[in-house]
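Enquirer: Numbering (my numbering), first residue to last: 165 to 323. Even for Gly, the Cβ is constructed at its ideal location relative to N, Cα and C. None of these values were measured; they are calculated from a predicted model.
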Amino acid sequence: TVGRAISNWGALDVGLAMLFSVLVSKQRVNPNALAVFLSIENFRSKLQVIDAVFQQPGIDKKIKNNWDTALSHIKARQKKRKRLAHHDILIDYEAKEMHRVKVIPPFANPINRIKMDNGTERPLCLKDLQDANAEFTKVRQEVLELTALLDTPAPLQKK
Numbered sequence: 165t166v167g168r169a170i171s172n173w174g175a176l177d178v179g180l181a182m183l184f185s186v187l188v189s190k191q192r193v194n195p196n197a198l199a200v201f202l203s204i205e206n207f208r209s210k211l212q213v214i215d216a217v218f219q220q221p222g223i224d225k226k227i228k229n230n231w232d233t234a235l236s237h238i239k240a241r242q243k244k245r246k247r248l249a250h251h252d253i254l255i256d257y258e259a260k261e262m263h264r265v266k267v268i269p270p271f272a273n274p275i276n277r278i279k280m281d282n283g284t285e286r287p288l289c290l291k292d293l294q295d296a297n298a299e300f301t302k303v304r305q306e307v308l309e310l311t312a313l314l315d316t317p318a319p320l321q322k323k
């Protein structure tokens, strides 16, 4: 389940590359646009580059609003993705079925402990992983839908 969630996040990165390609070349798969975007190593920088393109004059207001919504959803889930990617897995055979597999902070780094809303700490359980996977799928779908909106004739012109 951790792998599935991380794979979904990776698919989001591919979706962002296609979005960038459509924005700058009006093609989903433009080798030059993809080469530029995929050469950016930092995920936050990738988001900043796409956001900068959306700030250019001539972008349809509805499409810009869709991007702003998707961007806020992506940013809200970045921390969860980071937790999943950098935590250890512990199996507790005595726990209830949905709580046997736990994703815990690396033992060497107590700064990564998971703080719950009530201030207590706990590892992530299978349900948390399933929720993360669903959330990552949702934001990936938002990006794909936005790309489809842009992948129409004259997407950068105001309507």
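(1) Grab me the residues of residue 244's own chain with a C-beta within less than 6 angstroms of its C-beta, minus the 5 sequence neighbours each way, in chain order.
(2) In chain order, what residues of the same chain have a beta carbon less than 8 angstroms from the beta carbon of residue 191, not counting five sequence neighbours either side?
(3) Please name the residue or residues paired with residue 265 in a DSSP beta bridge.
(4) At which residue ranges does the region 186-216 contain complete alpha helix (DSSP H) runs of 4 or more residues, listed in the order of the chain?
(5) Considering only their Cβ atoms, is the gap separating residue 237 from residue 303 smaller than 7 angstroms?
(6) For residue 307, is the classification buried or exposed, using 16 other Cβ atoms within 10 angstroms of its Cβ as the cut-off for buried?
(7) In this structure, how does DSSP classify residue 260 when only helix, strand and coil are distinguished?
(8) Hey, how far is the Cα of residue 173 from the Cα of residue 298?
(9) Going by DSSP in three states, residue 294 sits in which element: helix, strand or coil?
(10) Assign residue 179 to one of two classes, buried (16 or more other C-beta atoms within 10 Å of its C-beta) or exposed (fewer than that).
(11) Report the option in 312, 176, 254, 222 whose CA atom is closest to the CA atom of residue 211.
(12) If we ignore side chains and look at the alpha-carbon of each, how far apart do residue 309 and residue 258 end up?
(13) Is the Cβ-Cβ distance between residue 248 and residue 193 less than 7 angstroms?
Expert: So, from the listed chains and residues:
(1) 296
(2) 185, 197
(3) 255
(4) 195-202
(5) yes
(6) buried
(7) coil
(8) 11 angstroms
(9) helix
(10) buried
(11) 176
(12) 43 angstroms
(13) no
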